[in-house]
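Numbering (full-length UniProt numbering), first residue to last: 1 to 125.
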């Protein structure tokens, strides 16, 4: 960044989402997916990246403010799950589901490296 120029919270968030999306994309780059699967994977990668960044923000809020907060109810107060904790708990389940679907798009068999004869030579000794 040049000078006193600072990124806004939204710009930092968008940058973090893009960084996570690119990380996921690099993971999938090594697999030869057809166009249909790749299109589905990219949509899921976008959602996964968004959720991961949001989950990190929610986790920070929960760490700073706690998972329980006090809510006024007229003359008394009640303790309740904080909105951040409630959102986090729901989103982490969705995040897990999205990532499961994402990785289900990958081929089931991991490509085996071509045998150059070294392994069989070592094992024969």
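Where a beta carbon is used, it is the ideal one built from N, C-alpha and C, also for glycine.
Shown here, residue 46 sits in a helix according to DSSP, grouped into three states.
Distance from the Cα of residue 10 is smallest, within the candidate group 107, 88 and 50, for 50. The residue from 69, 20 and 77 with its alpha-carbon nearest to that of residue 47 is 20. For residue 17, the closest C-alpha among the options 55, 37, 41 and 32 is that of 55. In its chain, beyond the 5 residues on either side, 81, 82 and 85 have a beta carbon closer than 7 Å to the beta carbon of residue 67.
Contact annotation: residue 41 and residue 102 have beta-carbon atoms nearer than 9 Å. Fully enclosed alpha helix (DSSP H) runs of no fewer than 4 residues occupy 83–104 of the segment 52–111, in order along the chain. For residue 10, the uninterrupted alpha helix (DSSP H) segment begins and ends at 9–29. Sorting 99, 108 and 88 by C-alpha distance to the C-alpha of residue 62 places 88 at the top.
Counting the other CB atoms within 10 Å of its CB gives residue 52 a total of 16 or more, which places it among the buried residues.
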